[in-house]
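Structure, as structure tokens:
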Amino acid sequence: MTIERESIQFDVLIVGGGPAGLSCAVRLMQLAREKGRPIEVALIEKGAEIGAHAISGAVLKPNALAELLPDHMEKGCPVESVVRGDALYCLTAHKAIALPLTPRPMRNEGCYIISLSRFTRWMGHLAEELGVNLFPGFAGKEVLYAEDGRSVTGVRTGDKGLGKDGSPKSNFEPGIDLLAKVTVFAEGARGSLVKTMAGRLGLYEECLPAVYETGIKEVIQLPAGSSCFNGSTVNDMHLMGYPLGLDTPGGGFIYEMSEDRIGIGYLTALCYEDAMLDPYDMFMRFKRHAFVADIIKGGKVIEQGARTVATGGYYSMPKLAVNGAVLVGGEAEIHNGPAIKGIHVGMKSGLLAAEAIVQALDADDVSASGLAAYPQAFEQSWVKTELWEGRNFAQALAKKGLAKFFHLGAQYFSRGRGFKDPLDMEADADTLKPLRPNGRIEETKSHYDGELYVDKLTGVYLSKTMHREDQPSHLIIPEPDVCSSRCYPQFRSPCTRFCPGNVYELELDQLSGKARIKLNPSNCFHCKTCDIKDPFGNIVWTCPEGGEGPGYTMV
Numbered sequence: 019m020t021i022e023r024e025s026i027q028f029d030v031l032i033v034g035g036g037p038a039g040l041s042c043a044v045r046l047m048q049l050a051r052e053k054g055r056p057i058e059v060a061l062i063e064k065g066a067e068i069g070a071h072a073i074s075g076a077v078l079k080p081n082a083l084a085e086l087l088p089d090h091m092e093k094g095c096p097v098e099s100v101v102r103g104d105a106l107y108c109l110t111a112h113k114a115i116a117l118p119l120t121p122r123p124m125r126n127e128g129c130y131i132i133s134l135s136r137f138t139r140w141m142g143h144l145a146e147e148l149g150v151n152l153f154p155g156f157a158g159k160e161v162l163y164a165e166d167g168r169s170v171t172g173v174r175t176g177d178k179g180l181g182k183d184g185s186p187k188s189n190f191e192p193g194i195d196l197l198a199k200v201t202v203f204a205e206g207a208r209g210s211l212v213k214t215m216a217g218r219l220g221l222y223e224e225c226l227p228a229v230y231e232t233g234i235k236e237v238i239q240l241p242a243g244s245s246c247f248n249g250s251t252v253n254d255m256h257l258m259g260y261p262l263g264l265d266t267p268g269g270g271f272i273y274e275m276s277e278d279r280i281g282i283g284y285l286t287a288l289c290y291e292d293a294m295l296d297p298y299d300m301f302m303r304f305k306r307h308a309f310v311a312d313i314i315k316g317g318k319v320i321e322q323g324a325r326t327v328a329t330g331g332y333y334s335m336p337k338l339a340v341n342g343a344v345l346v347g348g349e350a351e352i353h354n355g356p357a358i359k360g361i362h363v364g365m366k367s368g369l370l371a372a373e374a375i376v377q378a379l380d381a382d383d384v385s386a387s388g389l390a391a392y393p394q395a396f397e398q399s400w401v402k403t404e405l406w407e408g409r410n411f412a413q414a415l416a417k418k419g420l421a422k423f424f425h426l427g428a429q430y431f432s433r434g435r436g437f438k439d440p441l442d443m444e445a446d447a448d449t450l451k452p453l454r455p456n457g458r459i460e461e462t463k464s465h466y467d468g469e470l471y472v473d474k475l476t477g478v479y480l481s482k483t484m485h486r487e488d489q490p491s492h493l494i495i496p497e498p499d500v501c502s503s504r505c506y507p508q509f510r511s512p513c514t515r516f517c518p519g520n521v522y523e524l525e526l527d528q529l530s531g532k533a534r535i536k537l538n539p540s541n542c543f544h545c546k547t548c549d550i551k552d553p554f555g556n557i558v559w560t561c562p563e564g565g566e567g568p569g570y571t572m573v
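In the working numbering, the protein residues as written are 19 to 573.
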């Protein structure tokens, strides 16, 4: 069936309403006003509204924000609290050992603790006031190319109103072709559109593998006046060690929020080897540690969410500019690993991209060479300086035993170089070890009380995640037989554990013992863990209908 599609032309199309995309949009409109020239800018966001899919810790270093909006506080920037002091702990099974020194990149005094959902919603309002055309509820489904097949011309949004079998229903609405001279990809970590572009345009040639951590975060409401941060010089805690141990990278954070709330979360690096590991269970064990449990006692989880974070660093970055398009923020692996921060560097990348785009539009040259001012400016910026110092950090963290600490120490004193530069690493999908015949094959289960310790399905409910049930699954398993013939025998179907939303359920035939994976796409947090960690690359994450997924307001 031939589908007639509407097309709309813009000067610049931004895909993704996170901090990098919104910073790019705001800066474009500022430059348009400064130069007295019109620039038609559109921004699409797959969430139902700006901020609905935005989740992070989040400690914001305000330097890029101050560059973009020097009067951001006067404009009502939603800051939960300002960091008064940091604390770093190493957890054993029963104790919390306060470390006497916080590493240089993790010192956050004066930084802002924010809710990224609230922050991006605020930025969205500013962008709209400046004249950006915001289109929340529209998911980019397909990259559009010129006849040469190598020049990006825009994005096609997803069809709406398809039945489970893919056929149009009575309320069918075809997707729209959004055409632009320059398309800015700002989808965040593991962007589904950029993933389709990578091979065609050679985005990751000569790069180290992109690696990730899965972060699960909650906002906990504490009884009035009971926060341990009240009157304390410390309101920014980071914790490592238990329950992951020191061989698997990861750790927790606890931040002060307003209104007697705290933000608490746990990140698990997806380079882990144990096929039975469950990142959600690690988060629950972290919360039950005596030190952490004492901080959150009496509280109630009021929102939960999950998202992967691109942590590979400078050597994992793709090309920043191609014909007709640029990549910004987490989409481009722009993240400061040692500082555990990505928002400020993502925002700065958006500013640099905007300035290069205006130059390219003025010169009427939006080829890769016409947009080259962006990667060139990036290389001369403080973002490059930050990322360069942490260029081997993720690789060092992935090492085992004492080697990890030798590498980290050498990097700390050599500003990132260490013993080997670059340091090698494996892709996350390649690190799982097959289970031994007599090894552990049963998961340990956490206990839940439904208020402070909630199970995965309750977490999905608290994220306000919604998907229309009667639509094609946005999670695709190209070869279902691989699940039963290879993945279950070797790894006991790790997707049933690494997914924080219980999207994947294992069903075993009682007679044959054959494994089958049942999908629950409506539970999906859009975290992308499955697309990254599946050991056979047999799960493909695509966008569902626009406007679906989480409905974050606080995380």
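Virtual Cβ for every residue (Gly too), placed ideally from N, Cα, C.
Original post:
According to the Cβ coordinates, are Cys505 and Pro496 closer than 9 Å?
Top reply: no
**OP:** Please name the residue, chosen from Lys93, Gly172, Phe203, that lies closest to Val344 on a Cα-to-Cα basis.
**Re:** Phe203
Original post:
Pick from Tyr522, Leu83, Phe543: whose alpha carbon is nearest that of Ser588?
Top reply: Because the chain spans 19 through 573 in this model, residue 588 falls outside it and cannot be assessed.
Subject >> Minimum length 3: unbroken beta strand (DSSP E) runs contained in the region 47-99 >> reply: 59-63
Original post:
Could you give the residue range of the beta strand (DSSP E) that holds Ile375?
Top reply: Where Ile375 is concerned, there is no enclosing beta strand (DSSP E), although the alpha helix (DSSP H) it sits in stretches over 361-381.
Original post:
Which runs of the alpha helix (DSSP H), 4 residues or longer, sit entirely within the region 257-333?
Top reply: 297-306, 308-314
**OP:** Would you kindly report the start and end of the unbroken beta strand (DSSP E) that includes Ser188?
**Re:** 186-191
Original post:
With a cut-off of 8 Å, do at least 3 Cβ pairs link the region 102-121 to the region 64-73?
Top reply: no
Subject >> Assigned secondary structure, Phe203 (DSSP; H/G/I helix, E/B strand, else coil) >> reply: strand
Subject >> Same chain, Cβ closer than 6 Å to Leu240, five either side skipped, listed in chain order >> reply: Asp278, Gly317
Original post:
CA-CA distance, Val30 and Thr201?
Top reply: 6 Å
**OP:** Determine the extent of the beta strand (DSSP E) in which Pro154 is found, giving its start and end residues.
**Re:** 151-154
Original post:
Ala445: which of Glu98, Val33, Val229 sits nearest, CA to CA?
Top reply: Val229
Original post:
When we look at the beta-carbon of Gln528 and count the other beta-carbons within 10 Å, is it buried (16 or more) or exposed?
Top reply: exposed
Subject >> Phe153 versus Ser503: straight-line alpha-carbon distance, rounded >> reply: 44 Å
Subject >> Neighbour-count burial assignment, Ala421, 16 or more Cβ in a 10 Å radius >> reply: exposed
Subject >> Separation of Arg55 from Gly36, as counted between CA atoms >> reply: 26 Å
Subject >> Leu119 classed as buried or exposed, judged by whether at least 16 other C-beta atoms fall within 10 angstroms >> reply: exposed
Subject >> Boundaries (first-last residue) of the beta strand (DSSP E) holding Arg122 >> reply: From DSSP, Arg122 is part of no beta strand (DSSP E); its letter is neither H nor E.
Subject >> Neighbourhood of Ile313 by C-beta distance below 7 Å, restricted to the same chain and skipping five residues each side >> reply: Cys246, Ile272
**OP:** May I ask you to list the residues that DSSP assigns as paired with Val161?
**Re:** Val173
Original post:
If you run the structure through DSSP and keep just helix, strand and coil, what is Tyr430?
Top reply: helix
**OP:** Grab me the residues of Met47's own chain with a C-beta within less than 8 Å of its C-beta, minus the 5 sequence neighbours each way, in chain order.
**Re:** Ile57, Val59, Ala145, Leu148, Gly149, Val150
Subject >> Cys108 - containing beta strand (DSSP E), residue span >> reply: 104-109
Original post:
With 16 as the cutoff for other CB atoms within 10 Å, does Ser605 come out buried or exposed?
Top reply: There is simply no residue 605 to check, as the chain begins at 19 and stops at 573 in what is shown.
Original post:
Taking Gln620 as the reference, which of Val33, Lys159, Leu475, Gly270 has the closest Cα?
Top reply: Nothing can be reported for residue 620: it is not among the residues displayed for the chain, which extend from 19 to 573.
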